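What follows is a single structure, written as structure tokens, with notes after it.
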Amino acid sequence: MSNCAEVVIIGGGIIGCATAYYLAKKGTSVIVLEGSDHIGNGGSSRNGGGVRQSGRDPRELPLVMYGINHYWPTLSEELEVDCEYHQDGNLRLGKTEKHLQILQGLTDRAVAVGLDVRMIDSDEVRAINPYLSEEVIGASWCPTDGHANPLTTTLGYYKMARRLGVHFITGEKVKELRKIKGKLRQVITENNVYEGETVVLAAGLDSRQIAATVGIDIPMQAAMLEALVTEAEPHMFDQMLGTAEADFYGHQTKHGSFVFGGSSGLEGFTKDNGTPVTNSLTAPCICRGIMKYFPILSDAKIVRTWAGWMDKVVDGVPVLGNVEEVPGLVLACGFTGHGFGIAPSAASQLAELIVDGTTHVDLTDLRYDRFKAKI
Amino acid sequence: MNQVNDRSRDIGAFVPAPDDDMIICRCEEITKGEIRKAVHDGMFTMTEIRRYLRTGMGLCQGQTCAKLVKGIVARELGISPAELEPATSRVPMRPIEMHIFANEAK
Chain A
26 MSNCAEVVII GGGIIGCATA YYLAKKGTSV IVLEGSDHIG NGGSSRNGGG VRQSGRDPRE
86 LPLVMYGINH YWPTLSEELE VDCEYHQDGN LRLGKTEKHL QILQGLTDRA VAVGLDVRMI
146 DSDEVRAINP YLSEEVIGAS WCPTDGHANP LTTTLGYYKM ARRLGVHFIT GEKVKELRKI
206 KGKLRQVITE NNVYEGETVV LAAGLDSRQI AATVGIDIPM QAAMLEALVT EAEPHMFDQM
266 LGTAEADFYG HQTKHGSFVF GGSSGLEGFT KDNGTPVTNS LTAPCICRGI MKYFPILSDA
326 KIVRTWAGWM DKVVDGVPVL GNVEEVPGLV LACGFTGHGF GIAPSAASQL AELIVDGTTH
386 VDLTDLRYDR FKAKI
Chain B
7 MNQVNDRSRD IGAFVPAPDD DMIICRCEEI TKGEIRKAVH DGMFTMTEIR RYLRTGMGLC
67 QGQTCAKLVK GIVARELGIS PAELEPATSR VPMRPIEMHI FANEAK
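As given, the protein sequences belong to chains A and B, one line each in that order.
Adding 25 to a residue's 1-based position in the first sequence gives its number in this note's numbering.
Adding 6 to a residue's 1-based position in the second sequence gives its number in this note's numbering.
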């Protein structure tokens with residue numbers, strides 16, 4: 026098969042797969058290079074499944090709202106896979122007055138940019154979710170938030186893109202980008218050289234090192250999060266949950282299991298930093314966090330735990346779009362741990378940017394040229 | 007690890023078989039036919055099959071079906087089962103109640 030295509034995408038996560046899908050739908054030829062052995066092996070398969078608007082930075086809010094209005098409601102039909110999308114709201118829970126102040130601040134910021142989110146008292150919280158403990162004294166409530174299944178959604182995009190003729194190659198780790206006559210043209214891996222008119226860099230954390238080979242430095246670093254899943258339980262609730270204290274987040278899946286994510290506070294200082302493996306202290310810590318909010322789950326059995334990296338950007342929002350210094354390069358990285366819910370709209374907008382040169386949602390605030398020194 | 011794997015290579019068309027209804031993963035009730043179809047949808051690794059279908063994600067964590075699934079996937083791809091890396095085993099070894107797991111400090 027040819028090593029040339031109109032677009033070469035580096036990274037086979039949900040961003041790479043979905044961008045490939047929307048490009049292929051527009052008739053563009055695409056090659057996707059994935060460094061690991063598996064499609065969607067980074068944050069795409071390790072996140073908590075949130076499809077959230079609340080709690081987001083105003084700069085990325087229009088993009089995620091566009092996705093929730095235009096893509097998520099029909100995504101299962103489109104991808105011919107059960108994305109398990111639920112739009113039953115997001116509760117961000119508080120147990121102390123200080124928590125409520127944090128939540129009020131987040132709510133005020135979101136309302137200012139037009140999101141339907143409000144503070145609710147303990148009675149209303151329990152009317153929405155009767156399983157919460159008495160410790161919960163209030164919450165912020167965004168009824169249009171939700172959750173979905175990151176595994177089936179990511180692999181669904183892959184399946185459909187592949188069906189449309191996108192050429193996926195896994196185990197193909199990119200070493201270097203190379204310009205020809207001032208324009209990015211070649212993608213060099215350990216084994217091969219690929220060529221494209223446009224190169225999309227969607228390699229999560231590895232994007233920084235790859236971009237550096239054409240002199241671009243994206244200010245992002247690794248941050249680890251861990252997650253766990255319980256055995257299947259009877260159906261209890263459909264909301265997405267978070268907390269003001271950020272001690273855990275999660276939801277109940279269609280399967281019946283509860284997926285909860287969280288941290289121990291030791292991240293970044295563990296002995297095996299460098300590989301996304303679980304720390305023995307973290308899952309018990311997440312369990313203690315959950316039981317404070319849901320005493321009813323204390324007998325639920327944990328069947329599996331895992332860890333994953335976030336590609337955390339200095340200002341907390343992704344880096345999307347063209348780069349003036351390197352014509353032909355399109356960045357799609359730095360989603361900072363909340364890239365799943367925004368993936369369909371981010372990918373569709375990048376496909377529009379590449380093929381049509383314009384986008385429905387203004388991506389100016391998310392461009393690479395936003396990074397400046399403080400003075 | 008990290009072997010170049012062309013996902014567009016020709017593995018032939020999916021051909022229905024009389025035993026496609028046979029349940030392979032008992033915890034999650036996944037059939038042989040579903041596993042074979044997933045390979046033709048592009049799921050070429052044990053990890054992808056597991057994430058796509060939930061095989062080996064139930065209470066036994068694949069301790070019963072992993073070997074069977076591997077054989078089916080390998081046959082569909084026309085390779086030896088030895089070429090397929092198993093999906094990652096994950097903590098805990100056995101399902102454990104949250105209030106016991108949470109009590110690790112004692």
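Note that the Cβ used here is the ideal one computed from N, Cα and C, for glycine as well.
Remember, predicted model here, so these are calculated numbers, not experimental data.
DSSP bridge partner residues for residue i (one or two, in chain order)
| i | result |
| --- | --- |
| T195/A | N11/B |
| K208/A | I205/A |
| I102/B | I327/A |
| Q165/A | Reading off the sequence, residue 165/A comes out as Ser, not Gln. Bridge partners of S165/A: R117/A and M144/A. |
| W334/A | M249/A |
Whole-angstrom distance between residue j and residue i, CA atom to CA atom
| i | j | result |
| --- | --- | --- |
| L58/A | G48/B | 15 Å |
| Y96/A | N109/B | 43 Å |
| M249/A | V338/A | 13 Å |
| E35/B | E197/A | 34 Å |
| A237/A | L253/A | 35 Å |
| L125/A | W166/A | 12 Å |
| E109/A | L356/A | 29 Å |
| A152/A | D25/B | 48 Å |
| Y156/A | A80/B | 45 Å |
| F20/B | I41/B | 11 Å |
| E8/A | D324/A | Residue 8/A is absent from the model: chain A starts at 26 and stops at 400. |
| G333/A | M28/B | 35 Å |
| C29/A | D12/B | 15 Å |
| I311/A | S305/A | 11 Å |
| F365/A | L118/A | 22 Å |
| G130/A | R395/A | 25 Å |
| T223/A | V199/A | 15 Å |
| V328/A | F262/A | 20 Å |
Three-state secondary structure (DSSP) of residue i
| i | result |
| --- | --- |
| H172/A | strand |
| R134/A | helix |
| I235/A | helix |
| F107/B | helix |
| N347/A | strand |
| M316/A | helix |
| E222/A | strand |
| A44/B | helix |
Minimum C-alpha distance to residue i - residue among the options
| i | options | result |
| --- | --- | --- |
| T121/A | T268/A, N115/A and D390/A | T268/A |
| D113/A | I93/A, E102/A, H124/A and L104/A | I93/A |
| P87/A | K399/A, S27/A, F396/A and H385/A | H385/A |
| G181/A | F107/B, E89/B, H46/B and M104/B | H46/B |
| A173/A | R329/A, V380/A and K279/A | K279/A |
| K397/A | N347/A, I243/A, F285/A and M335/A | I243/A |
| P83/A | V138/A, L48/A and M185/A | V138/A |
| R56/B | I64/A, G80/A and G68/A | I64/A |
| E160/A | T383/A, G362/A, M316/A and D390/A | M316/A |
| K184/A | V342/A, E105/A, L291/A and A227/A | E105/A |
| D231/A | Q374/A, A368/A, M335/A and V55/A | M335/A |
| R32/B | A23/B, A72/B and Y58/B | A72/B |
| E91/B | T51/B, K43/B and E103/B | T51/B |
| E421/A | A43/A, T383/A and A371/A | The structure shown does not extend to residue 421/A, since chain A is modelled only from 26 through 400, so no value can be given for it. |
| G62/B | G18/B, F107/B, I30/B and I106/B | I30/B |
Proximity test, residue i beta-carbon vs the ligand SAM heavy atom, cut-off 7 Å
| i | result |
| --- | --- |
| F294/A | The model on display carries no ligand, and the ligand SAM is accordingly not part of it. |
| message | Which residues of the segment 80-98 of chain B have a Cβ closer than 9 Å to any Cβ of chain A? Give them in chain order. | response | E91, T94, R96, V97 and P98
| In the segment 195-228 of chain A, which residues sit with their C-beta less than 7 Å from some C-beta in chain B, listed in chain order? | Contact annotation: in the segment 195-228 of chain A, residues whose CB is within less than 7 Å of a CB in chain B are T195, G196, E197, K198 and N216.
| request: With 8 Å as the C-beta to C-beta threshold (strictly closer), list the residues of the segment 141-164 of chain A near chain B in chain order. | output: Under the 8 Å Cβ criterion, the segment 141-164 of chain A contributes no residue.
| task | Name, going along the chain, the residues of the segment 161-193 of chain A whose beta-carbon falls closer than 7 Å to a beta-carbon of chain B. | result | L176, T177, L180, Y183, K184, R187, H192 and F193
| Residues in the segment 358-369 of chain A with C-beta within 9 Å of chain B's C-beta atoms, listed in sequence order? | none
| said: Tell me which residues of the segment 311-332 of chain A have at least one Cβ-Cβ distance to chain B shorter than 8 Å, keeping chain order. | reply: The segment 311-332 of chain A vs chain B, Cβ under 8 Å: C312, R313, I315, M316, L322, S323, D324, A325, K326, I327, V328, R329, T330 and W331.
| request: Below 8 Å between beta carbons is the criterion; list the residues of the segment 56-68 of chain B that meet it against any residue of chain A, in chain order. | output: In summary, the residues of the segment 56-68 of chain B whose CB is separated from some CB of chain A by less than 8 Å are R57, Y58, R60, M63, G64, L65 and Q67, in the order they occur in the chain.
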